[in-house]
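Quick notes on the structure that follows.
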Amino acid sequence: MWQSVCNLTDNMLKKLFLLFFISVAFAACQDVEKSERPDNLIPEEKMIDVIAEISLMQSARNFNKRIFENTGIRGQDYIFEKYDIDSVQFKRSNDYYADNYEIYQRIYDSVKNRFEKLKVELDTLQKQEQRIKDSIAKVKRDSLGKRGDSLDPAEEKEIEEISDSLIEEKDSLNRRVIDSLPQPRSRN
């Protein structure tokens, strides 16, 4: 008896699953209206810049929310103002591009490539910065090892010049990082 009840239950489950699958397939086959091209469509290159900056801004906020909030910058508002767009224009453009898979994929591939290049640059800069720190530490160790804790004025001046040079190089690397961040395109 239990076996016949289990068979009945299995058959009912199979039929219910088949009915559910057919219902989902039928609903998925309905005509879906695509977004019309908005009059003020954000150009593809500018959209890449906007999406990249929004992603960077969200990452920065998620990395340390308290510090980010203390800056007083309102993420998307700042980006929209920077690129001279508004949230409605961004949403309509984003919807339009999302409905056009090939273009949207191209946009996100470009954003991904930009982040990969930025990561390589940042990794390189971090290695250079570490070499600078190591060089400063080595100069200090070498100079202190000569005569204990005392240096003659010429040695102090030489160490100071090397240290200043390394600090300037570090500052230059930091400026390169800032300059490598996405810059706004010309306004439309």
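Taking mature numbering (1 follows the signal peptide of the UniProt record, and there is no 0), I'd label the letters of the sequence shown as residues -27 to -1, 1 to 161. Yeah, the Cβ is synthetic: ideal placement off N, Cα and C, and Gly gets one too.
CA-to-CA distance, Thr97 to Val112, given in whole angstroms: The straight-line gap separating the alpha-carbon atoms of Val112 and Thr97 is approximately 23 angstroms.
Pairwise C-alpha distance: Gly48 and Gln31: Going from the Cα of Gln31 to the Cα of Gly48 covers about 7 angstroms.
Coarse secondary structure for Lys7, derived from DSSP in three states: Coil.
Helix, strand or coil at Arg160 according to DSSP, with G and I counted as helix: Here the model assigns Arg160 a pLDDT of 47, short of 50, so the residue's position is not dependable and the matter cannot be decided.
Cα-Cα separation between Glu75 and Leu139, rounded to whole angstroms: Their backbone Cα atoms lie some 47 angstroms apart in a straight line.
Sequence-distant residues of the same chain with beta carbon closer than 7 angstroms to Lys143, five excluded per side: Closer than 7 angstroms at the Cβ level, and outside the excluded window around Lys143, lie Glu102 and Ile105.
Run of the alpha helix (DSSP H) containing Arg65, from where it starts to where it stops: Note, Arg65: alpha helix (DSSP H), Ser60 to Asp72.
Own chain, CB closer than 7 angstroms to Ile21, minus 5 neighbours either side, in chain order: If you ignore the 5 residues before and after Ile21, its C-beta comes within less than 7 angstroms of the C-beta of Ile80, Ser83 and Val84, all in its own chain and listed in chain order.
Ser145 and Ile109 closer than 8 angstroms at C-beta: Contact flag unset, no.
Leu(-20), DSSP secondary structure in three states: Bear in mind that a pLDDT of 46 at Leu(-20), under 50, signals an unreliable position, so the number given afterwards is only what the model happens to contain. In the three-state scheme derived from DSSP, where H, G and I count as helix and E and B as strand, Leu(-20) is classed as helix.
C-alpha distance - Pro16 paired with Asp59, whole-angstrom precision: In this model, Pro16 and Asp59 are separated by some 14 angstroms (Cα to Cα).
Status (buried if at least 16 other CB within 10 Å, exposed otherwise) for Lys90: Counting other Cβ atoms within 10 Å of its Cβ, Lys90 stays below 16 and is therefore classed as exposed.
Selected residue, minimal CA-CA separation from Arg65, among Ile24, Ala127, Glu6 and Arg10: Nearest option by C-alpha distance: Arg10.
For Tyr51, the first and last residue of its enclosing alpha helix (DSSP H): Element bounds for Tyr51: Gly48 to Lys55.
Distance between Glu94 and Val23 (C-alpha atoms, nearest Å): About 20 angstroms.
Asn37 - DSSP class collapsed to helix/strand/coil: Coil, per DSSP.
Beta-carbon gap between Ile52 and Glu18 smaller than 8 angstroms: Contact flag unset, no.
Assigned secondary structure, Pro16 (DSSP; H/G/I helix, E/B strand, else coil): In this structure, Pro16 counts as coil in the three-state DSSP scheme.
Through-space distance from Leu29 to Lys7, alpha-carbon basis: Lys7 and Leu29: Cα-Cα distance of roughly 29 angstroms.
Spatial distance of Met86 from Glu131 (CA atoms): Strictly speaking, residue 86 in this sequence is Asn, with Met absent from that position. Each residue's alpha carbon lies about 43 angstroms from the other.
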